[in-house]
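Asks:
Chains as they are written, first to last, in our numbering: chain X, 10 to 369; chain H, 9 to 301.
(1) On the DSSP letters alone, give me the boundaries of the beta strand (DSSP E) that residue 163 of chain X sits inside.
(2) Inspect the beta-carbon positions of residue 262 of chain H and residue 92 of chain H and report whether they are closer than 8 Å.
(3) Out of X:300, X:353, X:350, X:344, point me to the one whose CA is closest to residue 68 of chain X's CA.
(4) Candidates X:224, X:29, X:87, X:133: which alpha carbon is nearest residue 118 of chain X's?
(5) By Cβ distance, which residues of its chain are closer than 7 Å to residue 245 of chain X, with the 5 residues on each side in sequence left out?
(6) Let's see if you can read the secondary structure: which residues bound the alpha helix (DSSP H) around residue 304 of chain X?
(7) Using the DSSP secondary-structure output, state which residues sit across from residue 169 of chain X in a beta bridge.
(8) Does the Cβ-Cβ distance between residue 26 of chain H and residue 238 of chain H come in under 8 Å?
(9) Are the beta-carbon atoms belonging to residue 128 of chain H and residue 223 of chain H less than 8 Å from one another?
(10) State buried or exposed for residue 345 of chain X, treating a residue as buried only when at least 16 other CB atoms are found within 10 Å of its CB.
(11) Could you list which residues in chain H have their beta carbon closer than 7 Å to that of residue 330 of chain X, in chain order?
(12) Is the stretch 156-163 of chain H close to the stretch 34-47 of chain H, with three or more CB pairs under 8 Å?
(13) How should residue 75 of chain H be labelled, buried or exposed, when 16 other C-beta atoms within 10 angstroms of its C-beta is the threshold for buried?
(14) For a test of the three-state rule: what should DSSP assign to residue 201 of chain X, helix, strand or coil?
(15) What three-state label does DSSP hand residue 29 of chain X in the structure shown?
(16) On the criterion of 16 or more Cβ atoms from any shown chain inside 10 Å, does residue 256 of chain X qualify as buried, or is it exposed?
(17) Ignore the nearest five residues each way along the sequence and tell me which others in residue 162 of chain X's own chain have a CB closer than 7 Å to its CB.
(18) Relative to the C-alpha of residue 74 of chain X, which residue among X:252, X:31, X:343 is closest?
(19) May I have the straight-line CA-CA distance separating residue 135 of chain H from residue 267 of chain H, to the nearest angstrom?
(20) Between residue 99 of chain H and chain X, is there a C-beta pair that is closer than 8 Å?
(21) Span of the beta strand (DSSP E) holding residue 153 of chain H?
(22) Excluding sequence positions up to five away, which residues of its chain have a Cβ less than 8 Å from the Cβ of residue 272 of chain H?
(23) Quick one: list the residues of chain H neighbouring residue 341 of chain X, beta-carbon separation under 9 Å, in chain order.
(24) Output the distance between the C-alpha atoms of residue 17 of chain X and residue 127 of chain X, rounded to the nearest integer angstrom.
(25) Around the C-beta of residue 76 of chain X, are 16 or more other C-beta atoms found within 10 angstroms, so that it is buried, or is it exposed?
(26) If you measure beta-carbon to beta-carbon, which residues of the stretch 112-139 of chain X are closer than 7 Å to chain H?
(27) Please list the partners that residue 287 of chain X has in chain H, where partner means a Cβ-to-Cβ separation under 8 Å.
(28) Do residue 247 of chain H and residue 188 of chain H have their CB atoms nearer than 8 Å?
(29) So, is the C-beta of residue 274 of chain H closer than 8 Å to a C-beta in chain X?
(30) Assess, as a yes-or-no matter, whether the stretch 23-37 of chain H is touched by the stretch 151-160 of chain H under the definition of 3 or more beta carbon pairs within less than 8 Å.
(31) Taking residue 259 of chain X and residue 212 of chain X to be in contact with their CB atoms under 8 Å, please state how far apart those CB atoms are, rounded to whole angstroms.
(32) What is the rounded straight-line gap between the Cα of residue 110 of chain X and the Cα of residue 250 of chain X?
(33) Hey, residue 53 of chain X and residue 313 of chain X: beta-carbon distance below 8 Å or not?
(34) Counting pairs of beta carbons, one from the stretch 139-151 of chain X and one from the stretch 279-292 of chain H, are three or more of them closer than 8 Å?
(35) When the cut-off is 8 Å and only beta carbons count, does residue 282 of chain H lie next to chain X?
(36) Assuming residue 234 of chain X is part of the alpha helix (DSSP H), what are its boundary residues?
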């Protein structure tokens, strides 16, 4: 094991996490092949992956950058529609192939990153809690805009309208791609568990490498002390923008996975609304702010648990709210911090083992 | 004529925004935190009046009074339970807690009152005013809202400038540590600020739901966001700024709804926030904050 110890710590952690993901993936595939997995569970495999991607990407903003984004579902929405738009409009050509799906993923990421950068350029140069409110407003408004957006395709090219599908003036053979509140129907179902799991691993690697890179250390320095970071010459806005845009792009990728996992893509408060953004935030807070691995674990647990505890369905959001408040107070209240120091698990274990030794 | 009627409607809506924005701006000025739950206090106020009037059948004045008292108590409780333990914590922690409180209020209301939209009966029994041979109608709600907003604004300014509590609020917002040394009870001052903000939210809920009578568990959040935008627009921390920002925002929203697009009205408001942050982040009447290292 000497060799294992010489590998640097972050690489070791990466290997462990990816190893665990791969093992879980293999077990799931074996169970599917053996027919031992219920349909419910099989249907959850892809959502587990994109929720995990959403959670770790939000953790980049909240945990590493130290800013609060409440519009993560909005970026997911942008990615989902951009990706589905591409797949649907090139359905008879490249869009139906694997390469087409890769392009859709890329487009979704770029579209979400673009919106992230637009918001970031304006807001991130300011101090204060503006990002939270602007992203919250963005998340709410992007849904409204998509619900009045009509795009059609015919021989002459694309037609846009913000009124109704009649106003598109399509030729007879034209197809409506985005049909306002009815969304995009007939997106090819490209997302598979394998692709989703691979993207989760990729997202994990990108974020964990970023954290341990020069840029990542700069971002964390800004989080911990903005003034000190500025005075050693760190480009505050630039690095903040980098982290926030990357986070938005990953949410976009998760959105593409989502849109290619269902057949009808509609922007509703349920899938891309405030509740979704809060749910992702709960994954991050419960998993530990700044802890990437924790986010994945929390996302998996909180996605699986409600499926098995159906009777809690009505109280789910209420419990999320309480989780947010209680964890924050437990983590940050001076009294609680002191209490945790005196009652840490390690101390209790030590005192237990100490006693055992004495008795022996 | 229609332009003038839109303008008046806009000022009326803007007055409601400015009353809500006062709550944001005072709390932000004193506790240096963004109280996300402020918008949801409006929703609670609406439900209290709705319950008292339609289920118990009491007089509207009793209902309004009860709503103001309950919202004030709610504001103080929220501060005491959720924000006070985190006074020394990072702003991110406080912000997430505030989101938690907002989400908690929304979902409690959802569980208690259900997901269906309740229709709120207007309790402002002032007849509409018809001007220019009936071509211009000003609703009773507007006739009450605008003068009430001006009254609140004047009273609040006098209170903050002249009273002892008001002065201690100014002191706490200026420098918390120095205020403590001067013998000001910071915790009490912050609690009073929350109480005033929440009681104003209750007043705003009466005005808002009388004019826009649909009540759901989330109907406080969008006005809350817009009021925050109004507070930023006018200069956060400034009382006249909240008033000015609120009225400008209300007018822009109604005009945008009327002349540009009704579905995009919210997007227009959001765009204004972006422009304000881009051009003058401290708002119209805001002071530039000197940063001490």
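All C-beta atoms in this analysis are idealised placements derived from N, C-alpha and C, irrespective of residue type, glycine included.
Replies: Checking against the coordinates, here is how it stands:
(1) 159-163
(2) no
(3) X:300
(4) X:87
(5) 231, 235, 238, 239
(6) 301-317
(7) X:160
(8) yes
(9) yes
(10) exposed
(11) 108, 111, 112, 115
(12) no
(13) buried
(14) coil
(15) helix
(16) buried
(17) 98, 183, 184, 186
(18) X:252
(19) 28 Å
(20) yes
(21) From DSSP, residue 153 of chain H is part of no beta strand (DSSP E) but of the alpha helix (DSSP H) over 148-170.
(22) 264
(23) 93, 94, 96, 97, 98, 101, 102, 105
(24) 37 Å
(25) buried
(26) 131, 132, 135, 138, 139
(27) 107, 111
(28) no
(29) yes
(30) yes
(31) 5 Å
(32) 27 Å
(33) yes
(34) yes
(35) yes
(36) First-last for residue 234 of chain X: undefined, no H or E at that position.
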